[in-house]
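S.K.: Residue numbers (this note's numbering), protein chains in the order written: chain A, 47 to 256; chain B, 356 to 1322; chain C, 493 to 839.
Once you've had a glance at the structure underneath, I'll fire off some questions.
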Amino acid sequence: MRVQNVKSIADYAEPQSARWGALEATDVEMVPAPLGLQPNEYVQVSWEDRPYGLLEQASLRAVHDGAKIAVQLSWADAQPSTGAGEGFPDGAALAFPVRGEPELMLMGSPEAPMQFVQWQASKKEARSVLAKGIGSSLPGAPVGETANASWSGGRWTVVFTRSLAGSGESASLVPGGTSQIGVAVWNGSNEERAGIKAVSPDWTALSLDP
Amino acid sequence: MSKGVTRRSFLKAGALTAASLAMPNFLARSGGSLQALAAEAPPDFNSALDVYRKAWTWDKTVRGTHMINCWYQAHCAFDVYVKDGIVFREEQAAEYQQLNPDVPDMNPRGCQKGCSFSHRMYEHNRIKHPMRRAGGRGSGKWEQVSWDDALNAIADAFIDTMIEEGTDRVIWDLGPDINIGAANAAQARLAQLTHSICLDSNSSNGDGHRGAFETFGNVYIERSLEDYFYSDVIIIWGANPIFTSIPNAHFFTEARYNGTEIVCIAPDYSASATKADLWVPVKPGTDAALALAICWQIVEGGHVNEAFVSEQSDLPLLVRTDTGKFLTEKDVDGGLESSFYMAASGGELREVDRKDLDLDGFTPDLEAAFEVPLEDGTKVQVRTVFSLLKERLSAYTPEAASEMCGTSPGLIRRLSKMVIEAKALSNVSGSSMNKYFHGNLTERAMILIWVLLGQMGRKGAGYSAFGFLANDGWEDYVSGLRMKDRFTFGTEIGLDLVWDWMKGETSEQFFKKLSTSQFIDPGGNLPVWTSSALFWHVHGGVAELAEQADQWVPNLKKPVKEALHESLEQKWLPLQPPADKTPRIMFHYCSNPLRSVRGSQKLLEVLWPKLKLSVAIDFRMSSTALQADYVLPAAAWYEVTDHKWVTPLVPYNHVTNKAVEPLGEAKPDFWIFTMLAKHMEARAKARGLDFVESHLGKEIRLANLYQDMTMDGRFGEDDGDAAAGAILEQSSNLSHVSWEEQKETGFVRYDGIGLSPLSIGNAGELKEGEPFIPLTYHIDDKQPYPTQTRRIQFYLDHPLYLEHDEHLPRFKAPPSIGGDYPLTMTGGHTRWSVHSVWRDNALMQRLNRGQPYIVVGQKDAEARSIADGDWVRCYNDVGEFFVRAKVITGAMPGQTIMYHSWENYQFAGSGDARSVSPSPINPVELAGDHAHLKIGMLEGQPGCFDRDTRIEIEKISPEDRARLGKG
Amino acid sequence: MTSKRQVAMVIDLNKCIGCQTCTIACKTQWTNREGMEGMWWNTVSTAPGEGTPKGWEKMGGGFRKGKAQPGKLPKQGEFGTAWNFNTDAALFQGDTHNTLGPITGDPDWGTNWDEDVGGGEYPNSFQFYIPRICNHCTKPACMEACPRGAIFKREEDGIVVINEDHCRGFRFCQEACPYKEIYYNTVTGVSQKCIMCAPRLEEGVPTACSRQCPGRVRFLGFLDDEDGPIHKLVYKYKVALALHPEYETEPNVFYIPPLAPPSFDEEGNPIDEDRIPLDYLESLFGKEVGPAVELLKAEKAKKKAGGESDLMDTLIARNWMDMFGPFTTNPKDVARTLEQRVQNRQG
């Protein structure tokens, strides 16, 4: 997926901005995170007869301005869930490899960690998360992450931003370089949380314009 | 897919790993395969608790307690935890010493209500400022006023009323929470100095224990909790201690483990019944039949303790069969009317010794029946009380009694056998029986069991009635610390005392006389009291509700109102102010009559319009405060230093210490009353007024009121702590430990019952290491009882009792109060509040149902298509109210239970739980002009009855419920 | 890793009077903070009844033959909503039509809604109170279910703790706990539950629910303390039983089963049939409950006949302090600040 260099990503802050419409979208195939990879028996047995991760496709667009990257992620969700009160929130995350070749489905490993920028409909702030395997996620190094979400017409559209440069154990993106991106989506109204989610099984290659 | 793995093969691989992933975390964490997947152990887990560790830190702890009347369960020493000037929690001190190794210690006294007073005191209904009504009474609209403005306005009205209409038009409506400490002493001193009237609320509370009063001439009979461990049969009867004696309850559950048989007699399978070895269901209000059936089993089986009844009771006394009166010396030889006879076998008369119960080896003939020549030359047939009683008891065979009370004959026999075979028989007293119209008869019948068996005055054996244990320095303080002067030789009372002593009267009788005098003219330095039941009936208009009483109560000899009128006319019972004088000012202090008085709807209709001023002094908004003209914010119990009376069950004086400053502008009660005196003095001086004459013809020194109030400045408005100490220093039973030390420890064991009329009747000694056993002064030391016959008295030859055929214990069917309706509305104190103090507390509500409810049995609910939680209308001829139904399995068919003390403002729509209970006065309770049936502090007054209330209930529609509004 | 020692509790249902002082003690101690209003880490329910959360015994979780069982996620309403009241409006603002009541309208469930409702049919009604806290299980289903590993069992005393800093509010623990003893804080977004008063135990003070219980219902101590009452009641006399042992989490809270007065025949005469049906007790405590009840009755009879019974004396606990094993410190004597407590431990 090409990441165009634009003047300022601030112009792309609004999820519904017409500027996004001018860019070509990359569709990403989504599958349920495998039951067998759920971190414990309880999660497995409680979801073995329960459908989840039914989202089949998400749509990505991205731009950068030399300092920050903005990614628009959009997917269909007929019933948005903000997670107010006892509800589970809708959520989405974009993953980037930190080093090595992390296995996206296995949430990376100690040798090959990965970093997320995560958004939840229940929270104002996006957050950076570091994962070195299933069930291991911890607060990640700050990368100036933000998320701005909007739901309309049966779709969530979320604009994630982060700095290109990483700090500490985080993924660095370089203008003119390449990287990878993975996607996870949680459908809150189906009580999806933790490993119960839709994921892109494969990394999607990123190619940043210089 | 990365690394050339196809998705299909990846998912398969995922499934394969599931087996290892299935290993539970608690094993996996110790080296399972998940460990390999997890990046690293989560950080320093134990610090996860730091937030909780921090939550449990504080600036200081202060010893405290709750100045509330939770009666049988009072009191409990607490540590109050303070942080940042706020009480954030409290926890029981739990430092009571074990009395001896046989018995459990009392720790950790407390209950859910006491353990959350910190929550209550900061809740929304806390009154924080003096307030003046800004709309009509009860409009709920208020304006804040300064203390100065409030006290000046009240002082002016007080003075105006005294001048214009009399001092007895000012009424101190005192509720059950008065503490007999400094707070209440200031109120009483102001009442005494102004000759205004104090209401004795015990009568309208329905706590009179009339049967004990009729039998012992005294209601104050209670043991210490430890004594239950020496009982082998404990009967819970007319009580529900699992609800109402929470800190005491372990003595019963533990005695049960110790081999004691616990019996619970109650219509419903109550919380207390669940802890019993035998539950005896009985129809509401019919317990007398059951008790008399037991008595008949005792008599018929030859189990009467003849030595005991001969020495201690009136059973050997002779009664004239022509008049039904006791045979007196006056009849026989023109001597004293107060001198009675027993008979030796063979019919020889023997005069009863009024000064000593000891029979000196004499054995009276309990069954004597013979002819006695009288002074006037005629002859009269006489019989013993015992023989009359025996004849009456024969009507209560188990089969006959079963017809009356619904308890099966087999169960009556089993219970009787248990009672008869008991080595040490005790009861757990509550205050249920005196809330039945014929509760006095029930209690007399119950006491008869204990007396016939001689199960009294020993460890573990005895009948408990009304618990009260107080310091005896309070009255001294109220009198201006001049009580001792009053007993000195040469004074009026001093002479009286000497005269009584010469007559062989006991100090118990003397102090009871003093207590009676306070209802008429205390003749000096004590306040004037009046019976609250009489007050509400006459001045409050409650009597009007009972005009149909002759339809409800079978065999009334005359209409209740007429009987009431007769008693007042004849001055059998004193009423202040008299019926033709109108009360004008009421101070509601520790009191909430608009909630508590049965038929309280009449008070608003009849009494309130007559009031020029209604002042509520409270820390929370009560139903009564809501209808007041002024509301004065009182300090809560952690904001003041003072002490509080208890009962012999827990014979420890309890102290609360000021832990934090009063919230808002709240002030200690002591300050409020003293400042009112100060403002009255100032306003009187400003008018050039030196004194007014009281209704008793005494001079009220208005221009010196503050000076007198403070005992010449010794106890100013900020000296409540010192006043509380002075009270204890003057007490014969609490001065063995200094006030400073008592404040430190928070509790101290009484070393005697003292001389207070509220305690002296316990007539026993508090010995170190021994449980307290009441009445041993009578039973061991042979001192006479304060009754007409100087003995435990079952025969009452008062004309009213003879007229109503109540001269001996008997069963009378419960009346249908409120009309002919199928359900009896019984009641009981709730687990969830003490009076109304916690009724609207959010924590208690959340552990309850959040709204008032009436308890209904399954079958009665089904018959009316009522499901649990439905809204119902409860009604009878007198009124109606709306609540939700709580359907339980343990209520007796025909029984509903309306637990105590919901505030009126918690009922949706008009009407509240009191609206259906007219509470007619029982005519025999209007007796006076008698050797022992006469008024005294907390006793000898007519009761209030709501447990025979009959109602019907019906489900209401959702539309009707919506019309009731919120609540 | 299994814990080296296990703190355990024995709750005597014959002494429990349903007063909820434990519930309140816990509330004022731990759950009086934001988002915790509706939490009752300690509950007392009337049995039979729906309990708290409503119908929890039908919500699944725990293990069967070692395999984790799916559970239902309990809702706040099932635990009971913390109603707020219109006190200001009704009492101070002149809103006289609306009397004081829950702002949210007529409630239809609360944490103690079934209080004293009971079972059976009058006069053979039956009921007893059953207090519950987190069982601090030897095999905690909650800990197994947490994908974050945010729940741990302390090595020194076996207390099961949620690390709230690590918790993400996924609530698998709530589902998996067969006792439904975990709550979700909607304000902080984390799951919270009984911490067995760990901060108190660390200072030698009994748990609030134990020490503040006026019924003297709760014995506390280490399970392996052979001189303590817990060991005696659980292992020697076998009268203290786990609730729902079939959930296989191996709870460390045990119960002395309830006795009751005799039931009645058709004529209302007492008969020797247990008022509380044995099969009901077995449904709670398993097959061992019958012999436990019989032993309690036999030992009480011994006492009644004037004999000695170590079991009865243990349950009576004449000296209250004997109930709490090593935890005998009065809380008021604990250092007031954390800093001082840390210093005391170091020095």
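Note that beta-carbon positions come from the ideal geometry of N, C-alpha and C, so glycine has one too.
Is there at least one Cβ from chain E nearer than 8 Å to Arg173 (chain A)'s Cβ?
M.R.: Of the protein chains in the structure, A, B and C, none is chain E.
S.K.: Hey, how far is the Cα of Glu577 (chain B) from the Cα of Leu733 (chain C)?
M.R.: 39 Å
S.K.: With a threshold of 6 Å on Cβ separation, who are the neighbours of Asn660 (chain B) within its own chain once the five nearest residues in sequence on each side are excluded?
M.R.: Leu808 and Gly809
S.K.: Rounded to a whole number of angstroms, what is the C-alpha to C-alpha distance between Pro783 (chain C) and Trp812 (chain C)?
M.R.: 27 Å
S.K.: Quick one: does Gln1213 (chain B) have its CB under 8 Å from some CB of chain C?
M.R.: yes
S.K.: Under the three-state reduction of DSSP, which class applies to Trp413 (chain B): helix, strand or coil?
M.R.: coil
S.K.: Could you tell me whether the Cβ of Ser138 (chain A) comes closer than 8 Å to any Cβ of chain C?
M.R.: Sequence check: residue 138 (chain A) is Ala here, not Ser. No, because no Cβ of chain C sits closer than 8 Å to the Cβ of Ala138 (chain A).
S.K.: Using alpha carbons as the reference points, say which of A:Phe142, A:Arg173 and A:Ser174 lies closest to Met160 (chain A).
M.R.: A:Phe142
S.K.: Is it right to say Gln428 (chain B) is buried, meaning 16 or more other beta carbons lie within 10 angstroms of its own, or is it exposed?
M.R.: buried
S.K.: Mind checking the segment 74–86 of chain A against chain C and listing, in chain order, the residues whose C-beta falls within less than 9 Å of any C-beta there?
M.R.: Gln84, Pro85 and Asn86
S.K.: Considering Cα atoms alone, identify which of C:Phe662, C:Cys686 and C:Val682 is closest to Tyr671 (chain C).
M.R.: C:Cys686
S.K.: Give me, in chain order, the residues of the same chain whose beta-carbon lies closer than 8 Å to that of Leu468 (chain C); leave out the 5 immediate sequence neighbours on both sides.
M.R.: The first residue shown for chain C is 493 and the last is 839, placing residue 468 (chain C) beyond what the model contains.
S.K.: Taking just the CA atoms, how far does Thr806 (chain C) sit from Gln125 (chain A)?
M.R.: 59 Å
S.K.: Can you list the beta strand (DSSP E) stretches of 3 or more residues lying completely in the segment 1214–1253 of chain B, in chain order?
M.R.: 1226–1230 and 1235–1243
S.K.: Is there a Cβ from chain B that is less than 8 Å from the Cβ of Trp812 (chain C)?
M.R.: Chain B contact via Cβ: present.
S.K.: For Ser1312 (chain B), which residues of its own chain have a beta-carbon under 7 Å away from its beta-carbon, when the five flanking residues on both sides are left out?
M.R.: Cβ neighbours of Ser1312 (chain B) beyond the five flanking positions: none.
S.K.: What residue from C:Ala797, C:Arg692, C:Gln585 and C:Gly650 has the CA that sits closest to Met635 (chain C)'s CA?
M.R.: C:Gly650
S.K.: Helix, strand or coil, according to DSSP, for Lys178 (chain A) in the structure here?
M.R.: Secondary structure at Lys178 (chain A): coil, using DSSP grouped into helix, strand and coil.
S.K.: Report yes or no: do the segment 723–739 of chain C and the segment 603–616 of chain C share at least 3 C-beta pairs separated by less than 8 Å?
M.R.: No, they do not touch.
S.K.: Smallest Cα separation from Arg1201 (chain B): which of C:Thr678, C:Ile503, C:Asp598 and C:Ile622?
M.R.: Minimum Cα distance to Arg1201 (chain B) is reached at C:Asp598.
S.K.: Would you say Leu712 (chain C) reaches chain B, if we count a Cβ-Cβ gap shorter than 8 Å as a contact?
M.R.: no
S.K.: Which word fits Val970 (chain B), buried or exposed, when buried means at least 16 other C-beta atoms lie within 10 angstroms of its C-beta?
M.R.: buried
S.K.: Spell out the partners DSSP gives Asp73 (chain A) in its beta bridges.
M.R.: A:Ser105
S.K.: Consult DSSP for Leu788 (chain C) and reduce its assignment to one of helix, strand or coil.
M.R.: helix
S.K.: Closest Cβ-Cβ distance between Thr513 (chain C) and chain B: below 8 Å?
M.R.: yes
S.K.: Quick one: which unbroken beta strand (DSSP E) runs of 3-plus residues sit fully inside the segment 475–563 of chain B? Chain order, please.
M.R.: Restricting attention to beta strand (DSSP E) runs no shorter than 3 residues, the segment 475–563 of chain B encloses them at 486–488, 497–499, 525–529 and 552–555, ordered along the chain.
S.K.: Quick check on Leu670 (chain B): buried or exposed, where buried means 16 or more other Cβ atoms within 10 Å of its Cβ?
M.R.: buried
S.K.: With DSSP run on the structure shown, which of helix, strand or coil describes Ala195 (chain A)?
M.R.: In this structure, DSSP gives Ala195 (chain A) an extended state, which the three-state scheme calls strand.
S.K.: With distances taken from CA atoms, which of B:Leu633, B:Phe1102 and B:Cys466 is nearest Met702 (chain C)?
M.R.: Met is not the amino acid found at residue 702 (chain C); the sequence shown has Ser there. Answer by Cα proximity: B:Cys466.
S.K.: Taking DSSP as the reference, what is the three-state secondary structure of Thr1304 (chain B)?
M.R.: strand
S.K.: Under three-state DSSP, which class holds Tyr585 (chain B)?
M.R.: helix
S.K.: Short of 8 Å Cβ to Cβ, which residues in the segment 554–587 of chain C face chain A?
M.R.: Lys559, Ala560, Gln561, Pro562, Gly563, Leu565, Lys567 and Gln568
S.K.: Would you kindly work out how many angstroms separate the C-alpha atoms of Gln447 (chain B) and Phe819 (chain C), rounded to a whole number?
M.R.: 16 Å
S.K.: May I ask which residues mark the beginning and end of the alpha helix (DSSP H) holding Gly661 (chain C)?
M.R.: Element bounds for Gly661 (chain C): n/a, residue is neither H nor E.
S.K.: If you draw a straight line from the C-alpha of Gly133 (chain A) to the C-alpha of Gln166 (chain A), how long is it?
M.R.: 12 Å
S.K.: Does chain C have any CB closer than 8 Å to the CB of Ala391 (chain B)?
M.R.: Below a pLDDT of 50, predicted positions are generally treated as unreliable, and Ala391 (chain B), at 35, falls in that range; the measurement from the model is reported next regardless. No - not a single Cβ of chain C is within 8 Å of the one on Ala391 (chain B).
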